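Comments concern the structure below.
Numbering (my numbering), first residue to last: 32 to 305.
Here's what the structure looks like:
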């Protein structure tokens, strides 16, 4: 079929067409974080000897990695305790936070009564609550789990409420006009639309839960990575201190990506508005 042309008409580009990115750009985007991390580690490894810093002040990445291999069993034993504290506090936040968010969403009275209290609790530094939790709950698991719960609880509630409120009301009215009950509307429309926001809060919460557990171990603990870091400080073992920090970071990153994997399986992916 021949294309018709007119001298007074200028052909417009196809706005809906998407231009594929070159393979090199795709590879760069996929491995950008890895390349940046490698670049930082290489600069760190080279800069420390050139600057004349001793290993006591700042160990090199290779020295830290070697120490992590040498003390693998020690780090793994303490990591297991910290991981249990993080998961217990996080799941407590999920179990309590999501039902509370539903109550806030469906009840204006409950929202006006509870919301200010949640905000007030969130503004209190959790490190200030740690000695009180130790006083009331003792030196066992409870203070660390409670701190992980308290510090991760608020993002779960807020993200769930925001996700439920972001749904277009016209869509809800349309579903109701088709005879759907509120329970059907929730599971078929509200929850799927809110899942991206909920998982965003969960990923923030799991990172904060790691911080809460470590703070609890700083205050009162006999096991865990926070306790191990305090022991390394008291012995002026900077390399072990850095190895512990790296292990804590790896736990947080691993849990974050586990949640991202779960999100990719159960939630639809919103297209970026770029």
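All residues carry an ideal CB built from backbone N, CA and C; glycine is no exception. Since we're looking at a predicted model, the values are computed, not measured.
- Following the DSSP letters along the chain, one finds residue 186 inside the alpha helix (DSSP H) bounded by residues 172 to 196.
- Between residue 237 and residue 286, the gap from beta carbon to beta carbon is short of 8 Å.
- Here residue 263 is actually not in contact with residue 98; their C-beta atoms are around 10 Å apart, not less than 8 Å.
- Following the DSSP letters along the chain, one finds residue 122 inside the alpha helix (DSSP H) bounded by residues 103 to 137.
- In its chain, beyond the 5 residues on either side, 149, 153 have a beta carbon closer than 7 Å to the beta carbon of residue 185.
- Straight through space, the alpha carbons of residue 191 and residue 224 are spaced by roughly 11 Å.
- Rounded to the nearest whole angstrom, the CA to CA distance from residue 158 to residue 202 is 44 Å.
- Of all alpha-carbon atoms in 259, 290, 284, the one lying nearest the alpha-carbon of residue 107 is that of 259.
- Cβ-Cβ distances below 8 Å link residue 290 to 230, 233, 234, 237 in the same chain, with the five nearest sequence neighbours on each side left out; the list follows chain order.
- The C-alpha of residue 124 lies about 47 Å from the C-alpha of residue 83.
- With contacts defined as CB atoms closer than 8 Å, residue 283 and residue 241 qualify as a contacting pair.
- By the criterion of a C-beta distance shorter than 7 Å, residue 114 is surrounded in its chain by 282, once the five residues flanking it on both sides are discounted.
- Contact between the segment 155 to 169 and the segment 193 to 207 is not established, with fewer than three Cβ pairs separated by less than 8 Å.
- When only Cα atoms are considered, residue 119 and residue 146 end up about 24 Å apart.
- Scanning its chain for C-beta atoms nearer than 7 Å, with the 5 sequence neighbours on each side dropped, one finds around residue 90 the residues 269, 270, 273, in chain order.
- Out of 103, 227, 212, 176, the CA that lies nearest to the CA of residue 187 is found in 227.
- Judged by beta-carbon spacing, residue 182 lies beyond the 8 Å limit of residue 116, meaning their Cβ atoms are not closer than that value.
- Around the beta-carbon of residue 74, fewer than 16 other beta-carbon atoms lie within 10 Å, marking it exposed.
- The distance from the Cβ of residue 279 to that of residue 256 is about 5 Å, consistent with a contact at the 8 Å cut-off.
- Just so you know, the alpha carbons of residue 87 and residue 267 end up roughly 8 Å apart.
- Counting only runs that start and end inside the segment 206 to 263, the alpha helix (DSSP H) elements of at least 4 residues fall at 213 to 216, 222 to 250.
- Its chain contains no residue whose beta carbon lies nearer than 6 Å to that of residue 100 once the 5 sequence neighbours on both sides are disregarded.
- Apart from the 5 residues on each side of it in sequence, residue 94 sits with its Cβ closer than 8 Å to the Cβ of 86, 270 in its chain, given in chain order.
- Straight across, the Cα-Cα distance linking residue 135 with residue 298 is about 23 Å.
- Between the beta-carbon of residue 250 and that of residue 161 there is about 4 Å, and that keeps the pair under the 8 Å contact cut.
- The three-state secondary structure of residue 86, taken from DSSP, is coil.
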